[in-house]
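One structure is given below, encoded as structure tokens.
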Amino acid sequence: MPYLIVHEDKCIGCRTCEMVCSLSHEGVVNPDLSRIHVLGYKGEKFPIMCLQCEDAPCELVCPMEAIHMQGGIRIVDDEKCIRCKMCTLVCPIGGVLYDYINHQMIRCDLCGGDPQCVKYCPMNVIELVPDDAVPEARKRGVRILYGEAD
Amino acid sequence: MFGYAGKILFVDLSTRLIKTIPTDKYAADFLGGRGIATKIAYDLIPPDADALDPENVLVMMTGPLTGVAPSSSRIDIVSLSPVTNLLGGSSAGGDFGAALKFAGYDGIVITGRSKEPTCIRIIDDEVTFHDAEACWEYDVYDTVDCVKKLGREDVQVACIGKAGANLVKTAGISFSKRNLAARGGLGAVMGSKNLKAIAVAGTKGVKVRDTKRLMEVNFEIQKRIRESPAFKKYENWHANIALSLLKARRPYFGDYEEDYWEEAEEAVRNAKRFFEEMATLRPNSCFSCPLRCWAWVEYKDEEAPMVACQGTFPAILFILKIKDPELAWKVYLRLQREGMDIMGTAAVIAYASRLGLVKLGTEDILWLIDEIVNREGPGNVLAEGVKRASEHFGVPAVYVKGGMESWSSDVRPFRGVALAGAVSESGSISRAIHGFPASSYYTKPEKAKKVAREIVGDESAAEPTNYKGKAKLVAYFENEHIIADSLGVCDTPMLSIPLELWAEAFTAATGIEMSPEKLHFYAEKIRTLERMFNVRRGVNREEDTLSPRLFESVIRSGPWKGVKLDREKFERMKDEYYKLRGWDERGIPTEETLRKYELEW
Ligand code: SF4
Ligand code: SF4
């Protein structure tokens, strides 16, 4: 199953990803309804979205057992979900969101396999990789944080 | 409405009354952004008002593409300019325009004057006033931080620094800590209204008509921007822009001196080394733009976001003759923190050096900036801008229309730039000449000639000193700028992408059919209305001019040795330009022209 990984060092904070994510999912441009969010600190930018954890806190905390993995993507059963928003509290990275217009929980769904943020990001910051490539990507992340390994 | 947010917010500071009106009222006639802003300014500002009177109106308008298409982050600001006392206009990128639309407003119209210093906070439908007494003299950085503490960290902020509060005529309006609506002294208008800041955050978003089509056009536009040669160049633009201006023979030195500044190359090399080796840069972009024209710059223990594409750093090097990049960086920080128009203030300081008040290239510049910001000593006169200062001191200065400080290009050899500086209603050349073939004649001659051939039918029109064809080029590029400013698109990327695609993006976003021809028609109409605004204030042919010094001096050395601006040929360019615009020989729009664009006095 492929995953999204983020090369945040290349991000220029243009928020094109937020624009196309909300456009493609909701038919409006509204960064607050985008499933990807670009956080910024001075010049540094960090795009974040649901990373489909293995032992997902959101799934574990859900009192209604509404969240489950389906085809490699975590989905919420709208019928079961009572909108208590516990999942937004426990997600360590802010990957799950509440759509306050349509009143439902939303998160990255990999756009059914063709993620629009990957397609539109001008700097190729977001990449869709097969799961066996993830460890390599994480190591890369560590190298960025702590400098090149010898 | 699709594409548009649908409402315009009116805030009267005298009475604190707030209302909204539907954007529909103006959109079909004036498109958006600069077009609608000009219309509102025309309707609301009395022809005899003074720029710093409460009767002046400050209009900030986004365009229908702001926030929904690539490189469309712009917001246009129109008001009576305290520099020229004529129509003033400037625009800014960043994230403010998009945030305003997401909050549900296409624009904000500020009227009246607040009794006490105030700040307006807009969170969707909630518009509140906050006391700004304590932060009135804060610089831009502290103001932004202070406003963010009001409750939401993610607000976008438009504000003035101390210069604006002190009604300095080269004060701009800062958008967060980096983008500046620099020209025309609009920061002083905000200051005169006792308005320190406007903060906005929105959660509503913008509806579009045809999602699929808009996404396709956006993809195509973005792809072309990424494939254009400029895209690669922007990676190192901070280090290279001064060099490329020099190669294009575009800078001027000091107070428009006749002699070439021999140390310019050295200054440019030092600046290049500063950005490549001494400072660290983190490239960034405005909302929805792939270009990365600004970077977070860190050097020693100071840091600032710096926009490269505007050429502000080169202006500091060239106009202030600074060879030491550390000093240039300090000057940059000071001017940016105070929210000042860097070009304009640099021109004022260069003029002061002619008076012997300051020695260019030295730390004294920092002292003089403070004097201007605080209106102390000679700074009090210099704060009035170059034209009024020259009237006070009796030493002739250089300026363009209405007394506006010139742009960082010598206008004497660049005939088109000279014409634009004289006919442009705001005196702001940057609203007219971007994309001009003469600007790239020495760096990309083939391309420059091609553009001239396409527009004028004669490639010799690209040659800077040639008077021929310049009127048509000015009219054409003014139109393109008006289209960019009215749609909400940044002019740098806009000009490199065929207009058809922007028209298509407009159609997809709004559901209203659009074509390049129609866009040009809108531009001509808006241009005519801008003219009417100034004609109503007494402008005619006489005011469409430059300061006399520019016609009287001959360049003595450097690449433009021997060049001078010929007044007679200049007047002939004006005739040609008026004809193209449908104005009579006094520069007044004819009855026929008004009928054509359905405009009335
Ligand atoms: S929403 Fe957060 S906790 Fe849940 S799977 Fe995604 S990243 Fe993990
Ligand atoms: S589109 Fe790419 S570069 Fe732009 S903010 Fe998103 S991740 Fe960063």
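So the protein lines, in turn, are chains A and B. Here the first sequence is numbered in our numbering, starting from 1 and rising by one per residue. Here the second sequence is numbered in our numbering, starting from 1001 and rising by one per residue. A virtual CB, placed ideally from N, CA and C, is assigned to each residue, including glycine. As the structure is a prediction and not an experimental result, all values here were calculated from the model.
Open item on the list: Using beta carbons (cut-off 8 Å, strictly below), is B/C1289 in contact with chain A?
Closed with: For B/C1289, the answer is yes, since a Cβ of chain A falls inside 8 Å of its Cβ.
TODO: Hey, could you find the ends of the alpha helix (DSSP H) A/Q116 is sitting in?
DONE: For A/Q116, the uninterrupted alpha helix (DSSP H) segment begins and ends at 116 to 120.
Task: Within 8 Å of chain B by C-beta, residues of the stretch 17 to 42 of chain A in sequence order - done: Within the stretch 17 to 42 of chain A, those residues whose Cβ lies closer than 8 Å to any Cβ of chain B are, in chain order, M19, V20, S22, L23, S24, E26, G27, V28, V29, N30, P31, D32, L33, K42.
Open item on the list: Taking CB distances under 8 Å as the criterion, tell me whether A/D150 reaches chain B.
Closed with: For A/D150, the predicted structure reports a pLDDT of 48, less than 50, and the residue's modelled location is therefore unreliable. The matter cannot be settled from this model.
TODO: Just tell me which of B/V1423, B/M1306, B/S1288 has its CA closest to the CA of B/Y1577.
DONE: Nearest to B/Y1577 by C-alpha distance, out of B/V1423, B/M1306, B/S1288, is B/V1423.
Open item on the list: Taking the beta carbon of B/P1602 as the centre, do at least 16 other beta carbons fall within 10 Å, making it buried, or is it exposed?
Closed with: There is no way to answer for residue 1602 of chain B, as the model of chain B reaches only from 1001 to 1601.
Task: Proximal residues of chain A, C-beta to C-beta of B/V1206 below 9 Å - done: In chain order: V28, V29, N30.
- [ ] Please go through the same chain and pick out, in chain order, the residues whose beta-carbon is closer than 7 Å to the beta-carbon of B/C1146, but skip the five residues on each side of it.
- [x] These residues qualify, in order along the chain: C1135, Y1138.
Task: 8 Å Cβ cutoff, A/G13 in contact with chain B - done: Yes - at least one Cβ of chain B is within 8 Å of the one on A/G13.
Open item on the list: Just checking: is the beta-carbon of A/Y120 within a distance shorter than 8 Å of some beta-carbon in chain B?
Closed with: Taking 8 Å as the threshold, the shortest C-beta distance from A/Y120 to chain B falls below it.
Task: Nearest to B/A1461 (by Cα), restricted to the options B/E1480, B/R1415, B/A1279, B/P1559 - done: Ranking the options by Cα distance to B/A1461, first place goes to B/R1415.
TODO: Give the DSSP bridge partners of B/H1130, in chain order.
DONE: For B/H1130, which the question treats as bridged, DSSP gives the partners B/C1119.
Open item on the list: Using a Cβ distance threshold of 8 Å, determine whether the stretch 1212 to 1220 of chain B contacts the stretch 1363 to 1375 of chain B, with at least three qualifying pairs required.
Closed with: In short, these stretches do not touch, since the Cβ pair count stays below three.
Open item on the list: Quick check on B/W1560: does DSSP put it in helix, strand or coil?
Closed with: If DSSP states are grouped into helix, strand and coil, B/W1560 belongs with coil.
TODO: State the start and end residues of the unbroken alpha helix (DSSP H) segment that holds B/S1192.
DONE: Here the alpha helix (DSSP H) through B/S1192 covers 1186 to 1192.
Task: Inter-residue spacing [alpha-carbon to alpha-carbon] between A/H25 and B/V1208 - done: Answer to the nearest angstrom: the Cα atoms are 13 Å apart.
Open item on the list: Within 8 Å of any Cβ in chain B, is that where the Cβ of A/E44 sits?
Closed with: Yes, its Cβ sits closer than 8 Å to a Cβ of chain B.
Open item on the list: Between which two residues does the alpha helix (DSSP H) holding A/E54 run?
Closed with: Careful: A/E54 lies outside any alpha helix (DSSP H) and carries neither H nor E.
Open item on the list: Looking at B/S1428: is its Cβ nearer than 8 Å to the Cβ of B/R1183?
Closed with: With contacts defined as CB atoms closer than 8 Å, B/S1428 and B/R1183 qualify as a contacting pair.
Open item on the list: Which same chain residues end up closer than 7 Å to B/S1014 when comparing Cβ atoms and leaving out the 5 residues on each side of it in sequence?
Closed with: Counting only Cβ-Cβ distances below 7 Å, and skipping sequence neighbours, we find P1054, G1112, R1113.
- [ ] Would you decide whether A/H37 is buried or exposed? Buried here means 16 or more other CB atoms lie within 10 Å of its CB.
- [x] Burial check for A/H37: the Cβ neighbour count within 10 Å reaches 16 or more, so the residue is buried.
Open item on the list: Short of 6 Å in beta carbon distance, which residues of its chain neighbour B/G1187, apart from the five on each side in sequence? Order them along the chain.
Closed with: Within the same chain, I1160, G1164, A1171, G1172, I1173, G1339 come within 6 Å of B/G1187 by CB-CB distance, once the 5 residues on both sides are set aside.
Open item on the list: Please return the same chain residues whose Cβ sits closer than 7 Å to the Cβ of B/I1316, not counting the five positions on each side in sequence.
Closed with: Here the set comprises I1322, A1328, V1331, Y1332, I1342, A1346.
Open item on the list: Just to make sure I have the definition right: I need the residues of chain A whose C-beta is within less than 7 Å of the C-beta of B/S1285. Which are they?
Closed with: Result: I12, G13, C14.
Task: Residues near B/T1118 in its chain [Cβ-Cβ closer than 8 Å; skip 5 each side] - done: Cβ within range, chain order: L1013, F1129, H1130, D1131, A1132, N1194, L1195, K1196.
Task: Cβ-Cβ separation, B/Y1042 to B/M1404 (assumed contact under 8 Å), whole Å - done: About 20 Å; that fails the 8 Å criterion.
Open item on the list: So, with DSSP's three-state summary, where would you put B/T1593?
Closed with: Secondary structure of B/T1593 (DSSP, three-state): helix.
- [ ] For the beta strand (DSSP E) holding A/H25, just list the boundary residues, first then last.
- [x] Segment 16 to 26 is the alpha helix (DSSP H) holding A/H25; no beta strand (DSSP E) there.
Task: Contact belief for B/L1167 with B/L1335 at Cβ below 8 Å, rounded distance in angstroms - done: Rounded to the nearest angstrom, the Cβ distance from B/L1167 to B/L1335 is 17 Å, too far for a contact under 8 Å.
Task: N-terminal and C-terminal residue of the alpha helix (DSSP H) that B/A1347 is part of - done: If you look at B/A1347, you'll find it in the alpha helix (DSSP H) that goes 1342 to 1354.
Task: Continuous alpha helix (DSSP H) stretch holding A/I106: start and end - done: Here A/I106 belongs to no alpha helix (DSSP H); instead the beta strand (DSSP E) covers 104 to 107.
Open item on the list: For a quick check, are the C-beta atoms of B/P1290 and A/P122 less than 8 Å apart?
Closed with: Their beta carbons are under 8 Å apart, which means B/P1290 touches A/P122 by this criterion.
- [ ] Compute the distance between the beta-carbons of B/G1356 and B/G1097, then report whether it is under 8 Å.
- [x] No. Outside cutoff.
TODO: Excluding the 5 residues preceding and the 5 following B/S1409 in the sequence, name in chain order all residues of the same chain whose CB lies nearer than 6 Å to its CB.
DONE: Cβ within range, chain order: R1250, V1417.
TODO: Could you tell me how far apart the beta carbons of B/P1064 and B/I1221 are, in whole angstroms, since I believe they sit closer than 8 Å?
DONE: No, B/P1064 and B/I1221 are not in contact; Cβ-Cβ is about 15 Å, not under 8 Å.
Task: Range of the contiguous beta strand (DSSP E) that encloses B/K1019 - done: Taken as a continuous stretch (DSSP letters only), the beta strand (DSSP E) holding B/K1019 covers 1017 to 1022.
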